[in-house]
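In what follows, a single structure is set out as structure tokens and then discussed.
Here it is, written out as structure tokens:
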């Protein structure tokens, strides 16, 4: 009987150790974390919250600094390849905030035009709006519009591209329709867009050359808002419930 109990205890301990607990992947706590990006120049993370605050974090999650930049509903942040510019999103207003990563000051605000080829893509309201942002090496900016509706419905769940940040308003240049509702965080990596949907708790990869989704991976259940990659094989998620998660890319089949 004693041997059976010992074997049972050993089995329980082994099973517990083998489980991948979500809480083990929390590296930082940020209230209403809504976006995250990696800056290769500084080798740090930048995260934003719904409350208009921006943070700089180490890759281990240590808070290096933070700043309240104003009454903005920040819902996404990206870093250009030079590491010299951060691009934030003010949801609802659908404005892009150009932010200096050294000072965390806003340098400029650019508004995104709401229509594309006479189709109303962005609707000014508090329920939906631009949610994710990422920048590819060529300087093309990808923006995700979070919505329950699919294209061609007004204010659909799509990804749009813009480039011009020199003028007060920038036009939508193209539209990507992956046919996924509630697209939230967005990140460019190796010719593909990675994004999350908080409707079905999944991570998707959209191959830009093939024009289709070629990866769909189940995520642990949390309020996915932002996504980014470092150059060390890690993927990070911003969680609206107040956490920053870090996982290995291979956990989700990313090669």
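Numbering (this note's numbering), first residue to last: 168 to 422.
For each residue, glycine too, the CB sits at the ideal point set by N, CA and C.
Just to confirm the assignment, what range does the beta strand (DSSP E) spanning residue 200 have? Numbered from 1 along the chain shown, position 33 holds the residue referred to as residue 200. Looking at the DSSP string, the run of the beta strand (DSSP E) that includes residue 200 is 200-206.
By DSSP, does residue 192 sit in helix, in strand, or in coil? Here residue 192 corresponds to residue number 25 of the chain shown, with the count starting at 1. It is helical.
Helix, strand or coil for residue 258, going by three-state DSSP, please let me know. Within the chain shown, residue 258 is the residue found at index 91, counting from 1. Note: residue 258 maps to coil in three-state DSSP.
Drop a sphere of 10 angstroms on the beta-carbon of residue 324, count the other beta-carbons inside from all chains shown, and report buried for 16 or more, exposed for fewer. Residue 324 sits at position 157 when you count from the first residue of the chain shown. By the 10 Å Cβ count, residue 324 comes out buried.
Inspect the beta-carbon positions of residue 382 and residue 371 and report whether they are closer than 8 Å. Position 215 of the chain shown, counted from the first residue, corresponds to residue 382. Position 204 of the chain shown, counted from the first residue, corresponds to residue 371. Contact: yes.
In terms of residues, what are the limits of the beta strand (DSSP E) holding residue 288? Residue 288 sits at position 121 when you count from the first residue of the chain shown. Here residue 288 belongs to no beta strand (DSSP E), and DSSP marks it neither H nor E.
I need the boundaries of the beta strand (DSSP E) containing residue 369, first residue and last residue. As a working mapping, residue 369 is identified with position 202 in the chain shown. First-last of the beta strand (DSSP E) with residue 369: 369-374.
By a C-beta neighbour count over all protein chains shown, 10 Å radius and 16 as the cutoff for buried, is residue 272 buried or exposed? Within the chain shown, residue 272 is the residue found at index 105, counting from 1. So residue 272 ends up on the exposed side.
Is residue 419 helix, strand or coil when you go by DSSP? On the chain shown, position 252 is the one that residue 419 refers to. Three-state DSSP puts residue 419 in a helix.
In the DSSP assignment, the beta strand (DSSP E) including residue 311 goes from what residue to what residue? Position 144 of the chain shown holds residue 311. It spans 308-313 - the beta strand (DSSP E) in which residue 311 sits, taken as one unbroken run.
Alpha-carbon spacing of residue 207 relative to residue 278, whole angstroms: Translated into the one-based positions of the chain shown, residue 207 becomes position 40. Translated into the one-based positions of the chain shown, residue 278 becomes position 111. Computed Cα separation, rounded: 27 Å.
When you compare only the Cα positions, how much space is there between residue 195 and residue 245? Your numbering for residue 195 matches position 28 in the chain shown. Your numbering for residue 245 matches position 78 in the chain shown. The alpha-carbon atoms of residue 195 and residue 245 are separated by roughly 19 Å.
Let me check understanding here. Comparing Cα to Cα, which of 250, 256 and 223 lies closest to residue 239? Here residue 239 refers to the residue found at position 72 when the chain shown is read from its first residue. Residue 256 is the option with its Cα nearest to residue 239.
Quick one: residues in its chain with C-beta nearer than 6 Å to the C-beta of residue 310, no 5 flanking neighbours on either side, listed in chain order? For the purposes of this step, residue 310 is taken as residue 143 along the chain shown, with counting starting at 1. 297, 300 and 327, listed in sequence order.
Alpha carbon to alpha carbon, how far is residue 228 from residue 385? In the chain shown, the residue the question calls residue 228 occupies position 61. In the chain shown, the residue the question calls residue 385 occupies position 218. So the alpha carbons of these two residues sit roughly 24 Å apart.
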